[in-house]
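Reading through the structure tokens given below for one structure.
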Amino acid sequence: MTVDISTLTLEQKASLLSGHDFWSTKAIPEAGIPSVVLTDGPHGVRRQAGDADHLGINESLPSTCFPPAVAVGSSWDPELAARVGAAVGREGRAFGVTVILGPGVNIKRSPLCGRNFEYYSEDPYLSGVLGAAHVRGMQQTGVGASVKHFAANNQEHERMRISADVDERTLREIYLPAFERVVIEAKPATVMCSYNKINGIYASQNGWLLTDVLRTDWGFAGAVVSDWGAVSDRVAGVAAGMDLEMPGSGGATDRQIVDAVRSGVLDEALVDDAVRRVLALTELPHDATDDLDVDGHHALARELAADSIVLLKNDADTLPVKANTRLAVIGAFATEPRFQGGGSSHINPTKVDVALDAIRDQAWTDGVTVEHAHGFSLDGFGDAALIEAATEVAGRADIAIVFVGLSDSDESEGFDRDTLALPQNQIDLIQAVAEVAPRTVVVLSNGGVVSLEGWHDRVDAIVEGWLLGQAGGSALSDVLFGHVNPSGHLAESIPVRLEDNPSWLNFPGEHGHVRYGEGVFVGYRYYTTAGVPVRYPFGHGLSYTSFSTDDLCIQPVGDAEVEVSVTVTNTGDRAGKHVVQLYVAGGAAPVRRPVRELRGFAKVSLQPGESTTVSLLLDRRAFAHWDVEVGRWVVPAGEYLVQVGADASTVLREQAITLAGDSIVRELTLSSTVGDWFGHPIVGPLLMQGMAAGMTEEQAQQAAENPDQLKMVESMPMQQFLAFTQGAIPTATLEQLMRLSTAPTVPASL
Ligand code: BGC
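Quick note on numbering: our numbering labels position 600 of the sequence shown as 1136, and the sequence is numbered without any gaps.
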């Protein structure tokens, strides 16, 4: 039912702009307005029936814990992301939830961020494509999504008050595009604003962010909801476009809105706009369907998890495990799986698969034997004895598989890590096992990147299992035995040293500010541009089969779009999935750009010997940078390289293309440099003509013989140049030229 808001009192309208309680909006029964439930999210439904909290402390009803975003990011598979969204949406419907909070598309600026497990990638394109797919899948079930945390929430340290100080180009190119793509392509019901400030202004009252960018530039028509407790100044928030405050404030901020309207501080039309947007949420389904497919969703969670695992290293085909192998399965995470992160996304799973059990189940058919040792304890007690027992078991085996990783106390929402290292007892264990076992495989369970240094070269294979959701244990076993061919690729770089990370000097900030000093050079954009070695680059991932990439063909479409096709062949002997990664390099931009940036990708499934042609369109944004002077995306004319990469550091095929690009005519002022004036496409030639006309023959010859003189003054603002030259160009001429600098038609001469 559509509500006529002119029939509502100001008090009723204001009441709709904050929650009834922790998870629901207010109803106005006499006006036919129901209450709706919003709840976490993103990789499962955290529906609390009892005490509510947003830190994952109190119990919630059992629901399926699907792979968190860190795993989905590594799948490089939008269909997989859409299936997670759809399954979570179906469970949301079962619980009568109207909006599920997620996905999180913040960029992994630092590997230390405690919440990286809830985000997809260090790359905005990959994050945006996967986030949009999640929203699409979820909203097809009728449940609304809430893409979060908008914006520049890239750390947990002081997340509720820190100011992320980021220049506009960096915001537009790195921190906003994932949101932009989700908003434009998938039209989420809501966007959740973040806790932090952006350049000094809280996201929850940031009119530039919530209105100018989100609504005006991107056309967002849904509601903005605050992160839980993110409101600082409610009235400023309504004016900025922040519609729904969650959780409720017990009516306090509703009264502030009423008073502000009555005293003329806040325009009632803005309240009406916010009310309309909140009311649109009540049109979404909100009755519980009560049909949770527990077993079906568990099986789905297993399939999706297996396709997200990244095989980092596999010397001498150690994996998959062959028939009749004696296995030693070692490590606490083999029996006490870590499959999700701590905080508001914490799901009460319907069941949990344990890797050791899954390995034993799959082992007997192949004549594989399994011995187990605990190897280490999560509380760090009795390690020497545990390591000794583990080496005994490992010494009797053909392959030792060591399950290590981070525990809940190492990483979580709410705080950042200060090291990339695994706990020392686990490093000691890996080293001791690798000494005695003929072959050693390390299986990692971690939400954020861990350092592989100190043990990487001593082991034969490394399986990056991230946090895989409740079926992660069997998904890992599926990959170890080769029932699933690994096809995940890194969505974030694994650095050699923490200090190599470009945010390192500016993370997590000080005195209430975190300066994004590395600009657009985040993750692989920095490593590849500065030539800093990494342990494994963004995009890296091995398979049990091999692929070839041939016949790269690029075709311009119009001035700034390019059609790309490439043929991929499975050259090995087992079926597998391959990710085509398309990067764009270079371009004669007036700004410093990364050497290459991911601009397209596609995951294809191929039988042994099978080939397929993958076609991708690079739109103009693939070549553009954000030009702060003209306030829009600009494609500079010039040559670009279209590259197919095995990962961000390894180019397999490339082709050059020259684009006509955009012709930008910049307005000239007295602060523009002499170089800007002479280089201006309209004014430059006129100026040259005029100067030449006013010169004696001798002066003209001198100017021609000394081009360096012009170079010396090129960077001088025109105002200073005039002062030094006692007004070399008459004021009237300058004024005429400044008017002409943006003129649609150009005179032949002055
Ligand atoms: C988190 C959000 C979450 C909300 C509700 C906040 O603390 O930042 O991601 O959706 O709580 O639980």
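All C-beta atoms, glycine included, are put in the ideal place defined by N, C-alpha and C. The structure presented is a predicted model; accordingly, all values stated were derived computationally and were not measured.
| Asked | Found |
| --- | --- |
| Would you mind working out which of L802, F1159, G1059, D613 sits nearest I845, comparing C-alpha positions? | D613 |
| Please identify the residue among A585, E694, I1218, Q1117 whose C-alpha is closest to the C-alpha of D1183. | Q1117 |
| For the beta strand (DSSP E) containing S750, name the first residue and the last one. | With the sequence shown as reference, residue 750 is identified as Leu, and Ser is not the correct amino acid for it. Premise fails: L750 is in no beta strand (DSSP E) and is neither H nor E. |
| Under 7 angstroms: does the beta carbon of D952 sit that close to some heavy atom of ligand 1? | no |
| Can you tell me whether DSSP reads M728 as helix, strand or coil? | strand |
| Write down the C-beta distance between D1163 and I1218 rounded to the nearest angstrom, noting that I regard them as a contact closer than 8 angstroms. | The Cβ separation is near 18 angstroms, so there is no contact. |
| Within 10 Å of its beta-carbon, does L1041 have 16 or more other beta-carbons around it, so buried, or fewer, so exposed? | exposed |
| Measure the alpha-carbon distance for D919 versus G1136 and round it to whole angstroms. | 47 angstroms |
| What residue range is occupied by the uninterrupted alpha helix (DSSP H) comprising D964? | 960–972 |
| Around the Cβ of S1207, are there at least 16 other Cβ atoms within 10 angstroms (buried) or fewer (exposed)? | exposed |
| Can you tell me whether H693 sits near ligand 1, meaning its C-beta is under 7 angstroms from at least one heavy atom of the ligand? | no |
| What's the gap between the Cα of A766 and the Cα of N732? | 8 angstroms |
| What residue does the beta strand (DSSP E) around L820 start on, and which one ends it? | It is not in any beta strand (DSSP E) - L820 carries neither H nor E in the DSSP assignment. |
| If you reduce the DSSP assignment to three classes, tell me which class L914 lands in. | coil |
| Ignoring anything shorter than 4 residues or poking outside the segment 579–638, list the alpha helix (DSSP H) runs there in chain order. | 605–611, 614–630 |
| If you measure from the CB of D853, is any heavy atom of ligand 1 nearer than 7 angstroms? | no |
| Would you tell me roughly how many angstroms separate the C-alpha atoms of P1172 and S913, rounded to the nearest one? | 57 angstroms |
| Measure the alpha-carbon distance for A687 versus V1050 and round it to whole angstroms. | 14 angstroms |
| Quick check on the burial criterion: 16 or more other C-beta atoms within 10 angstroms. Buried or exposed for V1093? | exposed |
| From the DSSP output, in three-state form, read off V932 for me. | The identity of residue 932 in the sequence shown is Arg, whereas the question assumes Val. The answer is coil: DSSP assigns R932 none of H, G, I, E or B. |
| Based on Cα-Cα distance, which residue from P647, A618, G916 lies nearest to V986? | P647 |
| Candidates G577, Q960, P598, G580: which alpha carbon is nearest G586's? | P598 |
| Less than 6 angstroms between C-beta atoms, sequence neighbours within five positions excluded: which residues of the same chain meet that for I564? | Q548 |
| Determine the direct distance from the alpha carbon of M728 to that of G1018, and round the result to whole angstroms. | 40 angstroms |
| In three-state terms, what does DSSP make of G555? | strand |
| Which whole-angstrom value is the C-beta distance of A1027 and S682, which I expect to be below 8 angstroms? | Rounded, the Cβ-Cβ distance is 22 angstroms, inconsistent with contact. |
| Can you give me the C-alpha to C-alpha distance between H566 and S551, rounded to a whole angstrom? | The question names His, yet the displayed sequence has Glu at residue 566. Straight-line Cα distance between these residues: approximately 14 angstroms. |
| Can you tell me where the beta strand (DSSP E) holding F1083 begins and where it ends? | 1083–1093 |
| Is E839 close to chain B, meaning its C-beta is less than 8 angstroms from at least one C-beta of that chain? | In the structure shown, chain B cannot be found, because there is only a single protein chain. |
| Can you give me the C-alpha to C-alpha distance between G736 and L666, rounded to a whole angstrom? | 30 angstroms |
| Secondary structure at G1136, three-state DSSP: helix, strand or coil? | strand |
| Per DSSP, what kind of secondary structure is F1017 in: helix, strand or coil? | coil |
| Any chance the CB of H685 is under 7 angstroms from a heavy atom of ligand 1? | yes |
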